[in-house]
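For the protein sequence lines, the chains are A, P, B and D, in the order given.
In terms of our numbering, the first sequence has 120 at position 120, counting the first letter as 1, and numbering is strictly consecutive.
In terms of our numbering, the second sequence has 1092 at position 92, counting the first letter as 1, and numbering is strictly consecutive.
In terms of our numbering, the third sequence has 2171 at position 171, counting the first letter as 1, and numbering is strictly consecutive.
In terms of our numbering, the fourth sequence has 3092 at position 92, counting the first letter as 1, and numbering is strictly consecutive.
Notes follow the structure.
Protein chains: 4
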Amino acid sequence: MRDCAAELLEDVQGRADPRAIAIQRVGVKALRYPLQIQDRDQKIQQVAALCNMYVSLPPEVKGTHMSRFLQILEEQQGNPLSVLNFQELILRTRDRLEARDARIEIQFPWFISKKAPVSGVSSYLDYEVEWVGILQEDQYVQELTVHVPVTSLCPCSKSISEYGAHNQRSRVSVWIQNRKPIWIEELIAVVEAEASSQLYGILKRPDEKFVTEYAYDHPKFVEDMVRDLALRLQRDSRIARYSVASENFESIHNHSAYALIEGEN
Amino acid sequence: MRDCAAELLEDVQGRADPRAIAIQRVGVKALRYPLQIQDRDQKIQQVAALCNMYVSLPPEVKGTHMSRFLQILEEQQGNPLSVLNFQELILRTRDRLEARDARIEIQFPWFISKKAPVSGVSSYLDYEVEWVGILQEDQYVQELTVHVPVTSLCPCSKSISEYGAHNQRSRVSVWIQNRKPIWIEELIAVVEAEASSQLYGILKRPDEKFVTEYAYDHPKFVEDMVRDLALRLQRDSRIARYSVASENFESIHNHSAYALIEGEN
Amino acid sequence: MRDCAAELLEDVQGRADPRAIAIQRVGVKALRYPLQIQDRDQKIQQVAALCNMYVSLPPEVKGTHMSRFLQILEEQQGNPLSVLNFQELILRTRDRLEARDARIEIQFPWFISKKAPVSGVSSYLDYEVEWVGILQEDQYVQELTVHVPVTSLCPCSKSISEYGAHNQRSRVSVWIQNRKPIWIEELIAVVEAEASSQLYGILKRPDEKFVTEYAYDHPKFVEDMVRDLALRLQRDSRIARYSVASENFESIHNHSAYALIEGEN
Amino acid sequence: MRDCAAELLEDVQGRADPRAIAIQRVGVKALRYPLQIQDRDQKIQQVAALCNMYVSLPPEVKGTHMSRFLQILEEQQGNPLSVLNFQELILRTRDRLEARDARIEIQFPWFISKKAPVSGVSSYLDYEVEWVGILQEDQYVQELTVHVPVTSLCPCSKSISEYGAHNQRSRVSVWIQNRKPIWIEELIAVVEAEASSQLYGILKRPDEKFVTEYAYDHPKFVEDMVRDLALRLQRDSRIARYSVASENFESIHNHSAYALIEGEN
């Protein structure tokens, strides 16, 4: 990788390129960098973000300036990112790299303090979140993905068995392109409301009784999970496009059951 | 997960669904199953494939029949798959699941026996391969991805330094949708021909001298790698659509340099 | 990495080393190579093994001969490995590398064809297996690890709840040093016999009813699982040392419950 | 998983166990929890730690109290951990779980702001750090592991080639048991001083020239790397036991070169 700042050294990647092929994305990938993320309640979480930062390159330009991507993140230190200002980072990247298009993907763990359903004891649960900002021909699109761990309980197993029902941890992934800002917490809450049961860090015994019975009372096929979530996402006018997927890590198999719905509002 | 064969038991997932939402993909994911893959030279490799198998589900149907996906793979035992007959597996899946659309993704390690460039000593090199077959509204599309490990050597580092040049392992990923069959080996050969150097399992000392000097003589930016490969893919009329990406695991950073080109022929 | 065969080139790594520090392990790691593995019934599985191959290096020797490790695997082609002959591979490695000690670790997926408990339908289940052979000061030790996916059902959840009980997929890992040969299949069978339920690829509906009720009838804490397995391993005089661990991917949490017992016979 | 606080519910896991087998480790694994870590300069990094927390269980006790492990981390909120006070967390775990032995393993990404060698430009580099605290029969042992990414350049390739030398990113892992406190930053600095070159986030062009030539001037076999580091660790009387390993992700192969030295002071 290389940088272009030093004029004294020959600018190898600034030369014109004879192949005349545009590059849609060029930049840095799998970069771990400290960032501050601000949530709905103005609270800030310090995260070790996994960052991919790309710009487009026109056919006649030989190479981009890799070190500038990191300088942009370095200058971001002390200024928290949120769903409200993420676009500015993409705009700045495009301008600093003198590119037409820019794309930034950041992925980070996210913690929410939850209260156990009966005892009310607090503990953190961890989620995976991805933000993507895409600036293409002056059109800006922002994407948010949340990966939410939940319990799924199989209606068929419950129905056909004298007692019991197989259940397991599932990973529900909701991806949206939004017209108006949507907070991470909002999307997570939608998923948790539709699961056979939501998860918690600490569960005291009355809590464990509660979630066991709640899941048994709310069996869902993987198809039900994605349909019920699609119904909710369809009703939210802030969402332009969405997909919802559930991967159930079946407790009776060594593979997953999976379903996916994509839609537009 | 559940199955529908036994008529004596209530068919929970066969009931009509009141939500009226179609599901684009439902099935099994992250299933590891033994498969036989046949290459260009009629040789067969036994692989532990990672399989995702999906069908579409119309709005009025409550659920699919998960166990049938595995039965299809079970019946495949003893019959090698190749780029020539992969489509039959997707057709059979659609028919057996009584679905309109079907999609199968299989991923497996692939070995090629290579001769070292000077000594001629043989050894295996491993690649990652993905096949995707998509049947949607009676249109069939087949996709092939190869992930090829190569050496990349930085032209800027070579140019600005008195001696030496940083180099590293890179992972070049070529994805194609093809009109006519293309063999795994063909696509790998294209990538290896364009790298600063290709890799080998065994390198005797004269081989190591050869690849070191060859890489120094063939420096390439990540941008060069994807452009040179795009040029080659553009010329192949069997290819309808392609993307080529290179991730260079930079030896002077703890992140990757990355470039991606997408195109249509 | 480098090789020592070519006498015409300067033997850099053959020089005496002034630091006088012995190296316990030097060699190749994360090498993927095709191998044939023979099971108890003389059947052969072709695997893409992940191989680590090391020898010791005395204080006065500067470096080892890396390419020889791969030549040993290359020469193994066509000769299946088994628990009976694995030692020969380690002996050959020690001799070819002119070392005192040698250590080889190979890890591979392993398939067993199983019949569903009621319908009798056949399908493959996948396991992860590791073999380690250690030759140290002329003492040879062989280790076998199997990672077995099973169902665990929580006795507390069952006991305190009016109905239902949380259950999930667990990964049980048994490691042994054996005095006499023990087959992969034997160790897997021991684990599956002690689980709340074993897993299957294909389960028809009567099978699903069976495993659901069986698991509900055989609840086990993570502590029970490792204790019941330890009891079985204690009784097997072929086993010199063992450890047994269970990681339960809790369906009501986003973390695992875990227990480990180590012992000697 | 389950908890024991609620006396109104039957205490299933508190019953005496008839198998009379002690469990060395039982607890929670793969728990992601927010923690604050304090470095040598009193600065605090907020991390998403991956936590394993175990206690021993005597033969006669049926089960442990899983939810207490998380309560201990919950109570830790707001109180930064450091190499100086980590022991308290293990002591508290043992006491709260009423156990004889306790073991806590936490793993987290760690950032250090570094200045580029010529331009002096600042950027963060990321490392992986693991702390382990073991309390066994009233003996306390603390372990620290740092995984440091560096450049390695092959002396053989340099020696036998007319020009160039293959180099690559390596991952050097140093594990220590220490008698007196050692800071994360100290151990990282030792590794970076011995590499062919250390890594940086941002490198301007004069910096890239510098690191390219520096690496060419400091070629090291994987054996050299671990020996030079072992020499340094031997001289540090604060260290009781150590191991040092280097995994070089060879740029001319698709596997790693690896060496490991273990020692006691």
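Just so it is clear, CB atoms sit at the ideal spot from N, CA and C, and this is done for glycine as well.
This structure is a prediction, so every number in the text was calculated from the model and none was measured.
Residue span of the beta strand (DSSP E) that contains residue i, given as start and end
i         : result
Ala2240/B : Ile2239 to Asn2248
Tyr127/A  : Ser122 to Gln136
Lys115/A  : Ala102 to Lys115
Val3026/D : Ile3023 to Gln3038
Ser1256/P : Ser1256 to Glu1264
Boundaries (first-last residue) of the alpha helix (DSSP H) holding residue i
i         : result
Gln3087/D : Phe3086 to Arg3096
Gln1272/P : Any question about residue 1272/P goes unanswered here, given that chain P covers just 1001 to 1265.
Tyr1214/P : Arg1205 to Asp1217
Ser3159/D : Pro3155 to Ile3160
Phe2069/B : Met2066 to Gln2076
Val1226/P : Val1222 to Gln1234
Three-state class that DSSP yields for residue i in the structure shown
i         : result
Ala2005/B : Note that Ala2005/B scores 35 on pLDDT, short of 50, meaning its location in the model is unreliable; the coordinates nonetheless yield the value given after this. It is coil, neither helix nor strand.
Ala3016/D : strand
Pro3149/D : strand
Val3174/D : strand
Val3055/D : strand
Arg1169/P : strand
Ser251/A  : coil
Val3061/D : strand
Ser1119/P : coil
Ala2193/B : helix
Glu3010/D : Caution applies to Glu3010/D, whose pLDDT of 48 falls short of 50 and renders its modelled position unreliable; the value that the coordinates give is listed next. The answer is coil: DSSP assigns Glu3010/D none of H, G, I, E or B.
Leu199/A  : coil
Nearest neighbour of residue i, chosen from the options [CA to CA]
i         : options                                       : result
Ser2113/B : Tyr2124/B, Gly2120/B and Ser2119/B            : Tyr2124/B
Ile2184/B : Leu2031/B, Tyr2127/B, Arg2227/B and Gln2024/B : Tyr2127/B
Ile2090/B : Val2226/B, Val2244/B and Met2053/B            : Met2053/B
Leu144/A  : Leu233/A, Asp224/A and Gln177/A               : Gln177/A
Ala1245/P : Arg1235/P, Leu1073/P and Asp1224/P            : Asp1224/P
Arg1207/P : His3166/D, Gln3142/D, Tyr3242/D and Tyr3200/D : Arg is not the amino acid found at residue 1207/P; the sequence shown has Asp there. Comparing Cα-Cα distances from Asp1207/P to each of His3166/D, Gln3142/D, Tyr3242/D and Tyr3200/D, the minimum goes to His3166/D.
Gln142/A  : Trp175/A, Ser170/A, Ala116/A and Glu162/A     : Trp175/A
Arg2092/B : Leu2073/B, Trp2110/B, Val2083/B and Leu2084/B : Leu2073/B
Glu1075/P : Gly2027/B, Leu2057/B, Glu2098/B and Ile2202/B : Ile2202/B
Leu84/A   : Arg205/A, Arg235/A, Glu213/A and Ile182/A     : Ile182/A
Ile2044/B : Trp2110/B, Asn2248/B, Glu2250/B and Ala2099/B : Trp2110/B
Ser161/A  : Lys2115/B, Arg2205/B and Glu2247/B            : Arg2205/B
Asp3095/D : Lys3115/D, Ala3116/D, Val3129/D and Leu3057/D : Leu3057/D
Gly3027/D : Ala2048/B, Val2222/B and Glu2088/B            : Val2222/B
Contact belief for residue i with residue j at Cβ below 8 Å, rounded distance in angstroms
i         : j         : result
Val2172/B : Val2148/B : 5 Å
Arg2238/B : Lys2180/B : 4 Å
Asp2101/B : Glu2137/B : 7 Å
Ala3240/D : Glu3213/D : 39 Å between Cβ atoms; not a contact.
Inspect the CB distances between the stretch 3253-3265 of chain D and the stretch 3183-3190 of chain D and report whether three or more fall short of 8 Å.
no
When you compare the stretch 2143-2156 of chain B with the stretch 1106-1126 of chain P, are there three or more beta-carbon pairs, one atom per stretch, that lie closer than 8 Å?
no
Are three or more beta carbon pairs between the stretch 1210-1221 of chain P and the stretch 1194-1202 of chain P nearer than 8 Å?
yes
Meets three-Cβ-pair contact criterion under 8 Å: the stretch 1066-1081 of chain P and the stretch 1019-1039 of chain P
yes
Does the stretch 2061-2073 of chain B come close enough to the stretch 2120-2138 of chain B to have 3 or more Cβ pairs within less than 8 Å?
no
Would you call the stretch 130-147 of chain A and the stretch 3038-3053 of chain D in contact, with 3 or more CB pairs under 8 Å?
no
Touching or not, the stretch 3015-3026 of chain D and the stretch 157-167 of chain A, by the rule of three or more beta carbon pairs under 8 Å?
no
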